[in-house]
Each structure stands twice: as C-alpha cells, then as structure tokens.
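The opening position of the sequence shown corresponds to residue 6 in this note's numbering, with each subsequent residue numbered one higher. Read the structure below first, then the notes.
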Amino acid sequence: MSYSFLPSVTDLQSLLFYVMNAPYLFVSSSTVMTTGLVAVAMTLGIAVTTSKVVPWVDPFGVTSRLLRWLAPKLALVLAYFGLGSMALSTEILWRFHSSIPMETETQFRSGLGHLAVALLGIVALSPLLRGIARREWINSNFYALGYWAFQIAVLTPPWFAFQGQYELVLGVTKALLGVAFAATLVLFFRQRRSA
Numbered sequence: 006m007s008y009s010f011l012p013s014v015t016d017l018q019s020l021l022f023y024v025m026n027a028p029y030l031f032v033s034s035s036t037v038m039t040t041g042l043v044a045v046a047m048t049l050g051i052a053v054t055t056s057k058v059v060p061w062v063d064p065f066g067v068t069s070r071l072l073r074w075l076a077p078k079l080a081l082v083l084a085y086f087g088l089g090s091m092a093l094s095t096e097i098l099w100r101f102h103s104s105i106p107m108e109t110e111t112q113f114r115s116g117l118g119h120l121a122v123a124l125l126g127i128v129a130l131s132p133l134l135r136g137i138a139r140r141e142w143i144n145s146n147f148y149a150l151g152y153w154a155f156q157i158a159v160l161t162p163p164w165f166a167f168q169g170q171y172e173l174v175l176g177v178t179k180a181l182l183g184v185a186f187a188a189t190l191v192l193f194f195r196q197r198r199s200a
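Structure representation (structure tokens):
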C-alpha cells in the first residue's frame with residue numbers, strides 16, 4: 006500500500022469527520038489559546054484601523070497602544086508555536102513513519118498547518134513590528150516564554166504523548182524553555198549594562 010504526501014478529497018473528508026467527532030484530540034489547548042490571542046490582536050487591529058476613520062471608536066488611542074505593546078509578544082508566541090509544532094511533527098514523522106505512515110503524515114500536515122497559521126499571524130502583525138527596539142524584543146521574549154511555560158506546565162498539549170513519547174517530548178521541551186529563559190536573561194543583562 007502506498008501513501009501520497011498530498012491529501013486527496015477523501016483524506017480531507019476523513020480528517021473533517023475525525024475533527025468533528027473528536028475535536029479535543031485534534032485541537033489542543035495551545036491551538037485554541039494561541040488562536041484566541043490572534044483573534045484578540047486582529048480585533049484590536051480592526052479597532053485601530055477603524056479609529057482612523059471613526060475617531061470615537063478609540064478616542065484616547067488606548068487600543069493602538071495596547072496593540073503596539075502586544076504585537077512583539079504575540080509575534081514571538083506565534084514563532085515558537087509554528088516552529089515547535091513543525092519540530093514535533095517532523096520528529097514524529099522521522100521516528101514513526103515506517104510503522105504508522107498515515108498517522109505520521111497527518112501529524113506532519115498538521116505541523117505545516119500550524120506553521121502556516123503562525124507565519125500568517127506574524128505577517129499580519131508585521132506593520133507593528135517595524136522599529137521595535139532590541140530591548141523591547143528581549144522583554145517580549147520573557148512574555149512569550151512565560152506563555153509557553155504556562156502552556157506546558159498547566160495545559161500540556163496532548164500531541165506530546167503521541168506514541169507514548171510524553172516523557173521524552175516534555176523533557177526536551179522543558180530543557181529548551183530553560184535554555185531560552187537563560188539566554189534571554191543573559192541578553193537582558195547585557196542590554197542593561199550597555200544602556
């Protein structure tokens with residue numbers, strides 16, 4: 006039996022049926038929460054854009070300032086979301102493809118989808134990301150890492166446990182978060198000294 010890497014209409018119908026019957030297995034807490042953050046940012050973006058035409062929508066510019074504060078943090082959350090999803094789906098494909106090709110290819114397509122959504126979110130935020138100082142990016146990284154530390158500690162994504170690899174994936178993820186926090190602290194103190 007051979008499998009195509011590109012989904013057929015039947016594959017898409019099966020996936021839709023699967024998602025409708027067991028959404029909690031397909032859509033994890035990280036997907037829902039990150040999508041919620043993107044929705045909030047888009048809502049703020051619409052309010053900011055509308056306020057330029059209809060000034061009473063945001064008369065004091067609060068929405069604009071909030072969106073400018075949120076943009077680099079959300080961009081980093083999305084970057085970690087897309088890259089992390091892609092890394093995990095690639096690891097799953099690499100390790101388990103020989104024994105369960107269809108399931109691993111589905112996971113890989115899901116990783117590609119998460120990466121595409123993350124990239125679209127970052128592109129939508131790109132006008133607000135221009136001219137952000139290095140110091141603000143470092144501070145924003147603390148928020149993004151904190152968001153993902155919360156996700157991992159409290160709402161561990163169910164796809165971490167794919168094929169019984171929960172402990173491995175959780176351990177690697179915690180180690181990477183620790184390294185990222187340490188690197189961010191180093192950058193923070195260097196930036197502080199140079200300022």
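Cβ coordinates follow ideal geometry from the N, Cα and C atoms, glycine included.
For residue j and residue i, the rounded distance between their alpha carbons
i	j	result
L181	G89	10 Å
Y148	W142	10 Å
M6	V174	Reliability of the predicted coordinates at M6 is poor, the pLDDT of 43 falling under 50, and no value is obtained from them.
G183	L192	14 Å
I2	F113	Limits of the chain in this structure are 6 at one end and 200 at the other, which puts residue 2 out of reach.
L72	A187	27 Å
P106	R135	42 Å
T95	A200	41 Å
G169	T189	32 Å
V128	T48	16 Å
S103	N146	38 Å
F65	G41	25 Å
Y171	P163	9 Å
R70	L117	32 Å
F194	A185	14 Å
F101	E108	9 Å
Nearest neighbour of residue i, chosen from the options [CA to CA]
i	options	result
T178	T111, L98 and F86	F86
T39	A200, W153, V191 and F194	W153
L160	Q112, L117 and T36	T36
I137	L75, P162, L120 and T48	L75
S115	L133, L93, R100 and L130	L93
L125	Q156, F165, S104 and L81	L81
H119	A185, V43 and S145	V43
G50	S13, E108, W99 and L133	L133
L83	E172, R197, P162 and L130	L130
Q196	P163, N144, G169 and S13	N144
R198	A185, R140, F155 and P163	R140
Status (buried if at least 16 other CB within 10 Å, exposed otherwise) for residue i
i	result
M91	buried
A123	buried
F167	buried
T15	exposed
W99	exposed
T201	Any property of residue 201 remains undetermined from this structure, which presents the chain solely from 6 to 200.
L150	buried
T68	buried
Q18	exposed
Distance cut-off 8 Å: residue i Cβ against heavy atoms of the ligand SAH
i	result
F165	Of ligands this structure carries none, so the ligand SAH is not represented either.
Cβ distance (whole Å) where residue i is taken to contact residue j below 8 Å
i	j	result
L79	A121	That belief does not hold up - the Cβ atoms of L79 and A121 are roughly 16 Å apart, past 8 Å.
Minimum Cβ-Cβ distance from residue i to chain C less than 9 Å
i	result
V174	Note that chain C does not occur in the displayed structure, where there is just one protein chain.
Report the start-end ranges of each beta strand (DSSP E) in the segment 141-176 that is 3 residues or longer and not cut off at the edges. none
In chain order, each alpha helix (DSSP H) run of at least 4 residues that lies wholly inside the segment 84-144: The segment 84-144 contains these whole alpha helix (DSSP H) runs: 106-134.
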